[in-house]
Structures are given as C-alpha cells and as structure tokens.
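Take a look at the structure below.
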Amino acid sequence: MFLFPKDKKLRKTWTIKVKRKGFSPTLHTRLCQNHFEPGSFVRDPQLMSSIGFEPKSLRLNPGAIPTLFDYSPKCSSSLVHMLTPLTSKYEDLAVECVRVCSYRHLSLYMLN
1 MFLFPKDKKL RKTWTIKVKR KGFSPTLHTR LCQNHFEPGS FVRDPQLMSS IGFEPKSLRL
61 NPGAIPTLFD YSPKCSSSLV HMLTPLTSKY EDLAVECVRV CSYRHLSLYM LN
C-alpha cells in the first residue's frame, strides 16, 4: 500500500487520477499496487514473480502515477480498518482505498 505523495503537484495528480467527487486524501489515505503499471515500481513485480522471487515490499519509482482504475458503476470505494500498536494501546485507523473491480480480477488487500 502506498501513501499519497507529500509533493503537492504529484499529490494533486494522484487525486485527479482517483476521479472521486469530493475526494480529498488524508495523511492515512493509500492506494494498493493494483493501481500502478509494472513499470511504476523500482523492480517489476511480475518479472520478479516469474523468476520465483516474491519481494516483501514494493517501492515506487520517483514520480510514479497510478493509472489503473475501473470507473464502472459497480466499482465502489471501501473503508479498511486496521489496528496499529501505539505503546500498549491500539488505535483504529481508517484507510481509504480505491478498489480494483474488474481489471484482471485483482482484489484489494489489507496491511497486517
């Protein structure tokens, strides 16, 4: 999962690409890897899988822009809740994600 960029220009580009009316990303808003072309990553995840290597985490190339979205009416946003340890307490954080519905039948996944 990738946080929206801190760079204002790039953040605005990502926000426009999401194409959700009234959408404004928060500090916790993320997009999953399914919204990025294989060439958007430092190491192509499809190529790595084809040679039997599953990276634990992916890194985006500087300036990467999400381009893979399904804007059909059946596709809707999902609210994902996750628990984050904070000293001895847990804080419920809401993370807005955009679901990929029909593009290659990829599903949204959650951070553990």
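Under full-length UniProt numbering, the first residue of the sequence shown is numbered 1, with each subsequent residue one higher.
The beta-carbon is built from N, C-alpha and C at its ideal position, and this holds for glycine as well.
| Item | Value |
| --- | --- |
| Buried versus exposed call for Leu31 [16 or more other C-beta atoms within 10 Å across all chains shown] | buried |
| Residue range of the alpha helix (DSSP H) that includes Leu10 | 8 to 18 |
| Close Cβ partners of His35 (< 6 Å) along its chain, the five nearest in sequence each way excluded | Pro66, Leu68 |
| Through-space distance from Lys8 to Gly63, alpha-carbon basis | 12 Å |
| Ser57 - containing alpha helix (DSSP H), residue span | Per DSSP, Ser57 belongs to no alpha helix (DSSP H) and is neither H nor E. |
| Beta carbon proximity, Gln46 to chain D, threshold 7 Å | Absent here is chain D; the protein component of the structure consists of one chain. |
| Inter-residue CB distance, Leu58 and Pro45 (contact presumed, cutoff 8 Å) | 6 Å |
| Alpha-carbon spacing of Pro85 relative to Ser40, whole angstroms | Only weak support is given to the placement of Pro85: the predicted model assigns it a pLDDT of 42, under 50, and the question is left unresolved by the model. |
| Residues that DSSP places opposite Leu31 in a beta bridge | Phe2 |
| Span of the alpha helix (DSSP H) around Pro25 | That residue, Pro25, is in no alpha helix (DSSP H); it is neither H nor E in DSSP. |
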